[in-house]
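Each remark here refers to the structure printed beneath this line.
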Amino acid sequence: MDRKARSAPVSTRERHHTVLDLEHFLPYRLSVLSNRVSGAIARMYSERFGLSVTEWRVIAVLGRYPGLSASEVAQRTAMDKVAVSRAVARLLESGRLQRDTDGDDRRRSVLKLSRAGYRVFDQVAPMAIAFEKRLLDGISAEERALLFRLLDRLDELELQAEAEGP
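In this text, residue positions in the sequence shown follow UniProt numbering: the first is 1, and each later residue adds one.
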């Protein structure tokens, strides 16, 4: 199906339902862009290291913030706890993660990258950074600063809306 056919509006006869203009619906646009960028980066590491997107995100977060629990990783990434738990299990099994007991709270287990995990992190992180640089090189420094301010503001607004409920 060509782009024109996919983007054609619903006919007048079919307009008895609410129209959701996805091309101008911010959550949809952000999701599509995120999936495209994540997919491009994933192609760099999936074949070479056999990692899923979720596994890479766990490695990336623990590379930056070692000593988090699986629940804290899920919270930082806004990923589903079950998906994170499965990724953690696979990474533990492959020797890329280590699980330790928290020194202050023996009931709490924390995760950190193993040497094998850091070897992956130290190879993939520069590729991800280079990809981001190529992406951001297409916009000016002012646009970049504005983009990050807007993303921060949208994040704040989303948290507010979530707290207020439906």
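All C-beta atoms, glycine included, are put in the ideal place defined by N, C-alpha and C. Keep in mind the model is a prediction, meaning the values are calculated, not measured.
Nearest to residue i by alpha carbon, out of the options?
i           : options               : result
residue 38  : 82, 107 and 135       : 135
residue 41  : 71, 56, 29 and 27     : 56
residue 77  : 155, 130, 160 and 165 : 155
residue 105 : 54, 147, 69 and 79    : 69
residue 74  : 89, 162 and 58        : 58
residue 109 : 88, 153 and 159       : 88
What three-state label does DSSP hand residue i in the structure shown?
i           : result
residue 43  : helix
residue 67  : coil
residue 24  : helix
residue 37  : helix
residue 62  : helix
residue 117 : helix
residue 52  : coil
residue 29  : helix
residue 122 : helix
residue 90  : helix
residue 84  : helix
Below 9 Å between beta carbons: does that hold for residue i and residue j?
i           : j           : result
residue 116 : residue 94  : yes
residue 100 : residue 111 : yes
residue 25  : residue 123 : no
residue 118 : residue 63  : yes
residue 131 : residue 44  : yes
residue 97  : residue 71  : no
residue 29  : residue 54  : no
Between which two residues does the beta strand (DSSP E) holding residue i run?
i           : result
residue 101 : 97–101
residue 110 : 109–113
Give the range of the alpha helix (DSSP H) segment to which residue i is assigned.
i           : result
residue 94  : Taken as a continuous stretch (DSSP letters only), residue 94 belongs to no alpha helix (DSSP H), as it is neither H nor E.
residue 155 : 141–164
residue 72  : 70–77
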